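Undergrad: Residue numbers (our numbering): -12 to 149. For each residue, glycine too, the CB sits at the ideal point set by N, CA and C. These numbers come from a predicted model, not from an experiment. Here it is, the structure in full.
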Amino acid sequence: QTERDKDRVLAGLEGASATSGQTFDRRKIEATLAGLTSRVFLMRNVHEDQATVFHTRWAMSYLRGPLTLDQIATLERSRPTPASPVARPAPIGDGLESTAPVPPAGVRHLHLARRGEGGQTVYRPALLAEARIHFIRSRQKVDSWHEVTLLAPLPDEGNDID
C-alpha cells in the first residue's frame, strides 16, 4: 500500500476511536500496519478495546475497474424510461384548479382546507415528516428520545423534486 493509503486508514481509525471515546495510539497502529504480510488484516471493532490482527487463506475482491465509454452507453440504453406525468385537471380562471391534485399510488395524503380570496379552497403542495429520534451514547450516559415534525412546502409544479 502507498503511504497515502496508510494515512487514510490511520485517519479513519483515529476518527472512529475519537467517536467511540477510546484512546488511539497512532504509532502502535502504524507499526502494526507496517508489519502486516500477505493475507493478514487489521480489524478495529468499536465494541472492543483493542484492534485485532487476523489471518485468512483467501482474500478476494469482486470490485472491477472503471467502466469504458461503451459500457456506460450500454447502461444508459437499458435505463427505464421515466414515468409519464400524471394528467392534471384543466385549470379554471386564474390558475386555480377545481379539484385537489391526485398523488401517486401508495402516497398517503391529507388536505387541509384553507379559504383563499373569493372563498375558494386553495391547495398548496407540502411534505409532512414525523420522526422519533433516539440518541444513545452509553459512555456519556445519554439516552434521549426526541419527536420531530416538519412541514416543508413544495414547488407548485412538482417537477423540480428528485
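Specify, as a first and last residue, the run of the beta strand (DSSP E) that S48 falls within.
TA: Looking at the DSSP string, S48 is not in any beta strand (DSSP E), and its letter there is neither H nor E.
Undergrad: With DSSP collapsed to three states, give me the class of A87.
TA: Residue state, collapsed to three classes: coil.
Undergrad: Per DSSP, what kind of secondary structure is D36 in: helix, strand or coil?
TA: Coil at D36, not helix or strand.
Undergrad: Could you give the distance in angstroms between the alpha-carbon of A(-2) and the alpha-carbon of G8?
TA: Roughly 15 Å separates the two Cα atoms.
Undergrad: Out of H96, L138, F122, P67, which one is the CA nearest neighbour of S131?
TA: Selected option, being the one with the closest Cα: F122.
Undergrad: In terms of alpha-carbon separation, which member of A38, T(-11), H34 lies closest to R13?
TA: Closest by alpha carbon: A38.
Undergrad: Taking only three categories from DSSP, how would you classify L0?
TA: In this structure, L0 counts as helix in the three-state DSSP scheme.
Undergrad: Leaving aside the five residues before and after V33 along the sequence, list all residues of the same chain whose C-beta is less than 7 Å from its C-beta, in chain order.
TA: Closer than 7 Å at Cβ, skipping near neighbours: A3, S7.
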